[in-house]
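**Student:**
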Amino acid sequence: MKKFLYSFLLLVSMSAGSGAQDYLSFSFVLLSSNQDTLQIGGLLAVTNSDSANAGVAFYHQYFANLNPGLRTLMLPIDSLYQGDSVSFYYEDCNGRHTYDTVFVRNQLLEITIQTGCQNPCDGSFNSYISSSKTGQFYANYYSSNYSHYWDFGNGQNTQGSSNVNTQYSSSGTYLVIHYLSNNKIGCYDSVGQYVTVYDSCYADFTYTMDSNTTVSYVGIHYPSTASGFWYFGDGYMDTGNTAMHTYPSKSNYTVSYVVEGGGCRDSVSKMVYVNTSQTCDSRFSVSHVADFQKRFVRTDSSYGYSKWYINNFFVGNGHSFIYTASQEGNYKVTLYVVDSANNVLCSHDDFFYLNFCGKPFAQAFAYGQVVFNGNVRMDYDSLKIYLISHDTAQGLLTLVDSAILTNADTGKFWFDICEPNQLFLVKAALLPGSSLYSSFIPTYYDSSLYWSGAKSFYGAGYLANGVINMIAGTNPGGPGFIGGHVTQGANKKDEPLEDIQVLLLTDQGIPVASVFTHDGGRFEFSNLAYGKYYLTVEFPGKNSATHFIILSADNETVDNKNFEVNSTYISALTSIVRIDKAVSGIYPNPANELLFIEWTGEADEYFALEFYGLDGKLVKATTLERKGEMVSELSIGDLPSGLYILKLSGAETNSTLRLQKN
Numbered sequence: 011m012k013k014f015l016y017s018f019l020l021l022v023s024m025s026a027g028s029g030a031q032d033y034l035s036f037s038f039v040l041l042s043s044n045q046d047t048l049q050i051g052g053l054l055a056v057t058n059s060d061s062a063n064a065g066v067a068f069y070h071q072y073f074a075n076l077n078p079g080l081r082t083l084m085l086p087i088d089s090l091y092q093g094d095s096v097s098f099y100y101e102d103c104n105g106r107h108t109y110d111t112v113f114v115r116n117q118l119l120e121i122t123i124q125t126g127c128q129n130p131c132d133g134s135f136n137s138y139i140s141s142s143k144t145g146q147f148y149a150n151y152y153s154s155n156y157s158h159y160w161d162f163g164n165g166q167n168t169q170g171s172s173n174v175n176t177q178y179s180s181s182g183t184y185l186v187i188h189y190l191s192n193n194k195i196g197c198y199d200s201v202g203q204y205v206t207v208y209d210s211c212y213a214d215f216t217y218t219m220d221s222n223t224t225v226s227y228v229g230i231h232y233p234s235t236a237s238g239f240w241y242f243g244d245g246y247m248d249t250g251n252t253a254m255h256t257y258p259s260k261s262n263y264t265v266s267y268v269v270e271g272g273g274c275r276d277s278v279s280k281m282v283y284v285n286t287s288q289t290c291d292s293r294f295s296v297s298h299v300a301d302f303q304k305r306f307v308r309t310d311s312s313y314g315y316s317k318w319y320i321n322n323f324f325v326g327n328g329h330s331f332i333y334t335a336s337q338e339g340n341y342k343v344t345l346y347v348v349d350s351a352n353n354v355l356c357s358h359d360d361f362f363y364l365n366f367c368g369k370p371f372a373q374a375f376a377y378g379q380v381v382f383n384g385n386v387r388m389d390y391d392s393l394k395i396y397l398i399s400h401d402t403a404q405g406l407l408t409l410v411d412s413a414i415l416t417n418a419d420t421g422k423f424w425f426d427i428c429e430p431n432q433l434f435l436v437k438a439a440l441l442p443g444s445s446l447y448s449s450f451i452p453t454y455y456d457s458s459l460y461w462s463g464a465k466s467f468y469g470a471g472y473l474a475n476g477v478i479n480m481i482a483g484t485n486p487g488g489p490g491f492i493g494g495h496v497t498q499g500a501n502k503k504d505e506p507l508e509d510i511q512v513l514l515l516t517d518q519g520i521p522v523a524s525v526f527t528h529d530g531g532r533f534e535f536s537n538l539a540y541g542k543y544y545l546t547v548e549f550p551g552k553n554s555a556t557h558f559i560i561l562s563a564d565n566e567t568v569d570n571k572n573f574e575v576n577s578t579y580i581s582a583l584t585s586i587v588r589i590d591k592a593v594s595g596i597y598p599n600p601a602n603e604l605l606f607i608e609w610t611g612e613a614d615e616y617f618a619l620e621f622y623g624l625d626g627k628l629v630k631a632t633t634l635e636r637k638g639e640m641v642s643e644l645s646i647g648d649l650p651s652g653l654y655i656l657k658l659s660g661a662e663t664n665s666t667l668r669l670q671k672n
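Position one of the sequence shown corresponds to residue 11 (this note's numbering), numbered consecutively onward.
1) So, is Asn576 buried or exposed, given that buried needs 16 or more other C-beta atoms within 10 angstroms?
2) Looking at the structure shown, is Asp419 part of a helix, part of a strand, or coil, going by DSSP?
3) Look up Ala470 in the DSSP assignment and say whether it is helix, strand or coil.
4) For Asn664, does the three-state DSSP call read helix, strand or coil?
5) Would you call the region 471-483 and the region 541-556 in contact, with 3 or more CB pairs under 8 Å?
6) Using CA atoms only, rank isn't needed, just tell me which of Leu459, Phe549 and Leu514 is closest to Gln498.
7) Counting Cβ pairs closer than 8 Å, one from the region 156-172 and one from the region 236-244, do we hit at least three?
8) Indicate the three-state DSSP secondary structure (helix, strand or coil) for Asn129 in the structure shown.
9) For a test of the three-state rule: what should DSSP assign to Ser462, helix, strand or coil?
10) Measuring straight from C-alpha to C-alpha, what distance separates Gln379 and Thr453?
11) In chain order, what residues of the same chain lie with their CB nearer than 8 Å to the CB of Val228, ignoring the 5 residues before and after it?
12) Inspect the beta-carbon positions of Asn173 and Tyr148 and report whether they are closer than 8 Å.
13) Going by other Cβ atoms of all chains shown within 10 Å of its Cβ, with 16 needed for buried, is Asp443 buried or exposed?
14) What does the alpha-carbon distance come out to for the pair Asn285 and Met219?
15) In the DSSP assignment, find the beta strand (DSSP E) that holds His298 and state where it starts and stops.
16) Can you look up Gly1 in the DSSP assignment and give me helix, strand or coil?
17) Going by C-alpha distance, which of Phe621, Gly490, Asn572 and Gly531 is nearest Ala563?
18) Out of Leu669, Pro521 and Leu561, state which residue places its alpha-carbon closest to the alpha-carbon of Gly493.
19) How many Å lie between Ser180 and Val207 at the Cα?
20) Just to confirm the assignment, what range does the beta strand (DSSP E) spanning Arg532 have?
21) Would you list the residues sitting across from Gln177 in a DSSP beta bridge?
22) Helix, strand or coil: how does DSSP classify Leu48 here?
23) Can you have a look at Gln511 and say buried or exposed, based on whether 16 or more other CB atoms are within 10 angstroms of its CB?
24) Could you compute how far the alpha carbon of Asn664 sits from the alpha carbon of Glu608?
25) In this structure, how does DSSP classify Gln432 when only helix, strand and coil are distinguished?
26) Pick out the complete beta strand (DSSP E) segments inside the region 232-268, 3 residues or longer, and give them in chain order.
27) My output table needs one value for Ser659: the three-state DSSP class, helix, strand or coil.
28) Taking just the CA atoms, how far does Thr309 sit from Pro258?
29) Quick one: what's got a C-beta closer than 8 Å to Leu446's C-beta in the same chain, skipping five residues either side?
30) Roughly how many whole angstroms lie between the Cα atoms of Lys637 and Leu538?
31) Report the residue from Leu653, Gly488, Lys342 and Phe533 whose alpha carbon sits nearest the alpha carbon of Lys571.
32) Suppose you measure from the CA of Thr402 to the CA of Asp648; what does that come to, to the nearest Å?
33) Leaving aside the five residues before and after Ser316 along the sequence, list all residues of the same chain whose C-beta is less than 7 Å from its C-beta, in chain order.
34) Can you tell me whether DSSP reads Ile596 as helix, strand or coil?
35) What number of angstroms, rounded off, separates the C-alpha of Ser350 from the C-alpha of Phe242?
36) What are the boundary residues of the beta strand (DSSP E) that includes Arg308?
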């Protein structure tokens, strides 16, 4: 019996509390020798575009914000297909679901499936603190498909295991954060929990009251073997860890609980209002006001005085309070209701989370994986990923977020995105401590050396399973050396710039190496083979001029090839004087098929030519060698119509001109 496979992947990605809808990511793969079409719930039709080769897949992705629930798959079977059965599967966070069915040609198969998983990533966990100050933490999700990262709040962290422990050196309250992710289904969550580590002695209590004057007390103490003593404030006392007491009248009483044992002693006192008209209610609501701002409103403000604390630090008074956070993180808010003597009458805790956007959850996200020559590697040691926003109207690129990956991450990255309508780029760069640092060059998604050639994406359409293929540098080695500096221009002229990326390429545009400027804006390339090179700066948002360099036996060392970074461009400088004028003019302008370049007397013999669109993207690059002529001819027939910035860069001279192509 012949069979053919419809294979598609259903991924679900959401964070706890992100709302009623799930972000669903569909990936379709059709393996068929015919041009068959697959439809999903009437939303999307995908047709195998390669009908000539059986087994060659057509791949497509579609993203939708849909409520989880029942969905109908509609599979119309092409009459040209000669088989008599069909198999397909989909995967979600509940595993793989496979279907087989027999059909008649031209039949429309309709199969109902359950899509979406409720809360596929839940970072919640349980905790236990032992008498030796050892913290033990247990994740509620412990499947092998989930990755765990723990921050214990004491300067220690670990990853990998769902059940972990840490040793606390002193008593106090610590914020423990558990980060949970599942790259297979594309979900992520983080949960913070405050844990209290006690000294050798600790005392506290809670109480409940019946409709009359009887109060039940429960002691909270450490160590568990300590003895408890109750002083009820009306002249009576009792022993034990719990107690019940009936008061003679409705009134206010100061109740004390004393813990003794094991060489330690602690006590706590509270004002208890025994069925008076005064009732303490410390409950409050939490609402999101703006980015990084929360409003807290006390439910009942008729009694006592309100004192607000964030992460155990006092922040304000009053019935309501607006708090402005300084950074992302998990926050604990506590309301203490006190009397005129500052005695705590009652209290209530709540928690909230803010991401780096200052929002309770991300509106979009970007995730993917970095590969090296198409392969996943686990020996890169340290790799940094950058999320960069691109304002095309202003021509600005701004670093939004970054993350450092280790070998355990296998190159996988994830970013929350604040602005769904913003355009973004992603860049990967090995850090100097990596064993592969000199072998691969910082690369933009999906495989570009320059920001102008990078693939961008909008936050609303986010990046899912994006692959950054790192570009390898090719350096056969030799005695050559190239060095220089990168400095600022304008009103900060000659001020050095550190951590600026400098690229070295052959005259054929093949990447050789990349370095970052260090102290004094200095950069150096050593062990270079003889040959012709381009030297340029990769600075997001700015177009760079290029130095052209020839290394030979008579010219092994070339130094002081400097660059100056200005507000909108980067100039190539020499060690003595800046020479901008290589070309006296170009004609005709506008041009059609041919462009004539008229040189100055100081012009070099070998030039790199780059045509940039007004959006800053490189459209065409070529080289031109003068043979002594004062006018050179250049074919531009393959250049699309439009306005361009033409940059000509030689070893000592360069020019920038505006060109219109008809």
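Ideal Cβ positions, reconstructed from N, Cα and C, are used throughout, including at glycine.
**Tutor:** Quick look at the numbers:
1) In the sequence shown, residue 576 corresponds to position 566, counting from 1. Flag for Asn576 reads exposed.
2) Sequence index remark: in the sequence shown, residue 419 carries index 409 (1-based). Note: Asp419 maps to helix in three-state DSSP.
3) Looking up residue 470 in the sequence shown gives position 460. Three-state result, Ala470: helix.
4) Within the sequence shown, residue 664 is the residue found at index 654, counting from 1. Assignment of Asn664 by DSSP, reduced to helix, strand and coil, places it in the strand class.
5) The answer is no - the region 541-556 does not touch the region 471-483, with fewer than three Cβ pairs under 8 Å.
6) Counting from one through the sequence shown, the residue named residue 498 turns up at place 488. Comparing alpha-carbon positions, the option among Leu459, Phe549 and Leu514 lying closest to Gln498 turns out to be Phe549.
7) Contact between the region 156-172 and the region 236-244 is absent, because fewer than three Cβ pairs lie under 8 Å.
8) On the sequence shown, position 119 is the one that residue 129 refers to. With a pLDDT of only 45 at Asn129, under 50, the local geometry of the prediction cannot be trusted, and the value read off the model is given with reservation. Reduced to three states, the DSSP call for Asn129 is coil.
9) Your numbering for residue 462 matches position 452 in the sequence shown. Reduced to three states, the DSSP call for Ser462 is helix.
10) Start at 1 with the first residue of the sequence shown, and residue 379 comes out as number 369. Start at 1 with the first residue of the sequence shown, and residue 453 comes out as number 443. For Gln379 and Thr453, the distance between alpha carbons rounds to 13 Å.
11) For the purposes of this step, residue 228 is taken as the residue at position 218 of the sequence shown. The residues are Phe215, Thr216, Tyr217, Asn251 and Thr252.
12) Here residue 173 refers to the residue found at position 163 of the sequence shown. Here residue 148 refers to the residue found at position 138 of the sequence shown. Contact: yes.
13) Position 433 of the sequence shown, counted from the first residue, corresponds to residue 443. As written in the sequence, residue 443 is Gly, which differs from the Asp given in the question. Label assigned to Gly443: exposed.
14) In the sequence shown, residue 285 corresponds to position 275, counting from 1. In the sequence shown, residue 219 corresponds to position 209, counting from 1. Distance between the alpha carbons of Asn285 and Met219 is about 8 Å.
15) Indexing the sequence shown from 1 puts residue 298 at position 288. Note, His298: beta strand (DSSP E), Phe294 to Ala300.
16) Residue 1 lies beyond the stretch modelled for the chain, which goes from 11 to 672, so this question has no answer here.
17) Position 553 of the sequence shown holds residue 563. The shortest C-alpha separation from Ala563 is found at Gly490.
18) To locate residue 493, count along the sequence shown from 1; it is residue 483. Among Leu669, Pro521 and Leu561, the Cα nearest to that of Gly493 belongs to Leu561.
19) Translated into positions along the sequence shown, residue 180 becomes position 170. Translated into positions along the sequence shown, residue 207 becomes position 197. Using only the alpha carbons, I get a separation of about 7 Å.
20) Within the sequence shown, residue 532 is the residue found at index 522, counting from 1. Taken as a continuous stretch (DSSP letters only), the beta strand (DSSP E) holding Arg532 covers Arg532 to Leu538.
21) In the sequence shown, counting from the first residue as 1, residue 177 sits at position 167. Gln177 is bridged to Thr144.
22) Taking the sequence shown and counting its residues from 1, the one referred to as residue 48 is at position 38. Reliability fails at Leu48, whose pLDDT of 49 lies under 50, so the model's placement of it is uncertain and the value that follows must be treated cautiously. Correct three-state label for Leu48: strand.
23) For the purposes of this step, residue 511 is taken as residue 501 along the sequence shown, with counting starting at 1. Counting Cβ neighbours within 10 Å, Gln511 comes out buried, since at least 16 surround it.
24) For this step, residue 664 is matched to residue 654 along the sequence shown. For this step, residue 608 is matched to residue 598 along the sequence shown. Straight-line Cα distance between these residues: approximately 13 Å.
25) Here residue 432 refers to the residue found at position 422 of the sequence shown. Coil, per DSSP.
26) Listed in chain order, the complete beta strand (DSSP E) runs (minimum 3 residues) inside the region 232-268 are 237-241, 247-249 and 252-256.
27) The residue given as residue 659 occupies position 649 in the sequence shown. In the structure shown, Ser659 sits in a strand (DSSP, three-state: E or B).
28) Sequence index remark: in the sequence shown, residue 258 carries index 248 (1-based). Sequence index remark: in the sequence shown, residue 309 carries index 299 (1-based). Looking at the two C-alpha atoms, the distance is approximately 31 Å.
29) Reading the sequence shown from its first residue, position 436 is the one you call residue 446. The residues are Phe382, Arg387, Asp389, Tyr390, Asp391 and Leu440.
30) Translated into the one-based positions of the sequence shown, residue 637 becomes position 627. Translated into the one-based positions of the sequence shown, residue 538 becomes position 528. Distance between the alpha carbons of Lys637 and Leu538: 27 Å.
31) Here the question's residue 571 lines up with position 561 in the sequence shown. The candidate whose alpha carbon is nearest that of Lys571 is Phe533.
32) Counting from 1 along the sequence shown, the entry for residue 402 is found at position 392. Counting from 1 along the sequence shown, the entry for residue 648 is found at position 638. The straight-line gap from Cα to Cα measures roughly 26 Å.
33) Here the question's residue 316 lines up with position 306 in the sequence shown. Arg308, Asn327, Gly328, His329, Leu345 and Val347.
34) Here residue 596 refers to the residue found at position 586 of the sequence shown. The answer is strand: DSSP assigns Ile596 an E or B state.
35) The count along the sequence shown starts at 1 and reaches residue 350 at position 340. The count along the sequence shown starts at 1 and reaches residue 242 at position 232. Each residue's Cα considered, the two are about 21 Å apart.
36) Within the sequence shown, numbered from 1, the residue matching residue 308 stands at position 298. Membership of Arg308 in the beta strand (DSSP E) is indicated by the continuous run Gln303 to Arg308.
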